[in-house]
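All letters in the sequence shown, in the order written, are residues 2 to 158 by my numbering. Built from N, CA and C at the ideal position, the CB exists for glycine as well. Just so you know, these numbers come straight off a predicted model, no measurement behind them. Okay, structure first, notes after.
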Amino acid sequence: MVGYRHRCRRFNPDDTNESMPVVDVGVDELESMRLNILEKLSQGEAAQKMGVHQSTFQRTLRMGLEKVTDALVNGKSIFLEGGEVNMPGGDGTGPDGTGPTGARGQGRRGGGNRPGRGAAAPQNCRCPSCGHLEPHQPGVPCSQAKCPECGSQMVRG
Numbered sequence: 002m003v004g005y006r007h008r009c010r011r012f013n014p015d016d017t018n019e020s021m022p023v024v025d026v027g028v029d030e031l032e033s034m035r036l037n038i039l040e041k042l043s044q045g046e047a048a049q050k051m052g053v054h055q056s057t058f059q060r061t062l063r064m065g066l067e068k069v070t071d072a073l074v075n076g077k078s079i080f081l082e083g084g085e086v087n088m089p090g091g092d093g094t095g096p097d098g099t100g101p102t103g104a105r106g107q108g109r110r111g112g113g114n115r116p117g118r119g120a121a122a123p124q125n126c127r128c129p130s131c132g133h134l135e136p137h138q139p140g141v142p143c144s145q146a147k148c149p150e151c152g153s154q155m156v157r158g
């Protein structure tokens, strides 16, 4: 379970170009890093908070750290990928009603200047090699599709 809605989906080095390699980091990997590093929870506490075994948490954390390190050291873009996220409060603010701003009300109704909760953005399948986008077909995982441009396996995003 992910207890925080991550707003940014992509990070690029300063000298970004179209052919830059991309590292895909899963929402669960980012959440494990957030809990362990920023929230300073032990692996056992963080695993319990995510609802997974400690060994699963440890693998997820290690994979996430390896991917982010690869991107930083080798100048790659980082793309945050993941499907639906089960938020404990169901409202995007996390388990205790506090999100990145520390309070509820991040849409127009709550006094913010961001759009309120509307329809979700359309989902696409993306090629991690060439960046080609295809509309996602409900019920068909993107990982089963091949990129028509370069033949690589597609990912959700």
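Worksheet item: CA-CA distance, ASN75 and PRO139?
Response: Stepping through the sequence shown from its first residue, residue 75 is reached at position 74. Stepping through the sequence shown from its first residue, residue 139 is reached at position 138. Here the alpha carbon of ASN75 sits roughly 35 Å from the alpha carbon of PRO139.
Worksheet item: For LYS68, which of VAL141, LEU31, CYS151 and SER56 has the nearest alpha-carbon?
Response: On the sequence shown, residue 68 is found 67 positions in, with the first residue counted as 1. Of VAL141, LEU31, CYS151 and SER56, the smallest CA-CA separation from LYS68 is found for LEU31.
Discussion item. In the DSSP output, what is GLN154 paired with across the bridge?
Written reply: Start at 1 with the first residue of the sequence shown, and residue 154 comes out as number 153. The partner list for GLN154 (beta bridge, DSSP) reads LYS147.
Worksheet item: With DSSP run on the structure shown, which of helix, strand or coil describes GLY27?
Response: What you label residue 27 is simply residue 26 of the sequence shown in a count that begins at 1. Reduced to three states, the DSSP call for GLY27 is strand.
Fill in: Assigned secondary structure, LEU35 (DSSP; H/G/I helix, E/B strand, else coil)
As a working mapping, residue 35 is identified with position 34 in the sequence shown. According to the sequence shown, residue 35 is Arg rather than Leu. Residue state, collapsed to three classes: helix.
Worksheet item: What's the call for SER43, buried or exposed, on a 16-neighbour Cβ count within 10 Å?
Response: Reading the sequence shown from its first residue, position 42 is the one you call residue 43. Around the beta-carbon of SER43, fewer than 16 other beta-carbon atoms lie within 10 Å, marking it exposed.
Item to complete: State the Cα-Cα distance for the pair GLY152 and GLY27, rounded to the nearest angstrom.
Response: Stepping through the sequence shown from its first residue, residue 152 is reached at position 151. Stepping through the sequence shown from its first residue, residue 27 is reached at position 26. If you draw a straight line from the Cα of GLY152 to the Cα of GLY27, it comes to about 22 Å.
Discussion item. I'd like the ranges of any beta strand (DSSP E) spanning at least 3 consecutive residues and lying wholly in the region 39-88.
Written reply: With a minimum length of 3 residues, the continuous beta strand (DSSP E) runs that stay inside the region 39-88 are 78-82.
Worksheet item: In terms of alpha-carbon separation, which member of SER33, ALA47 and ALA48 lies closest to ARG63?
Response: For the purposes of this step, residue 63 is taken as the residue at position 62 of the sequence shown. ARG63 has its Cα closest to that of SER33, out of SER33, ALA47 and ALA48.
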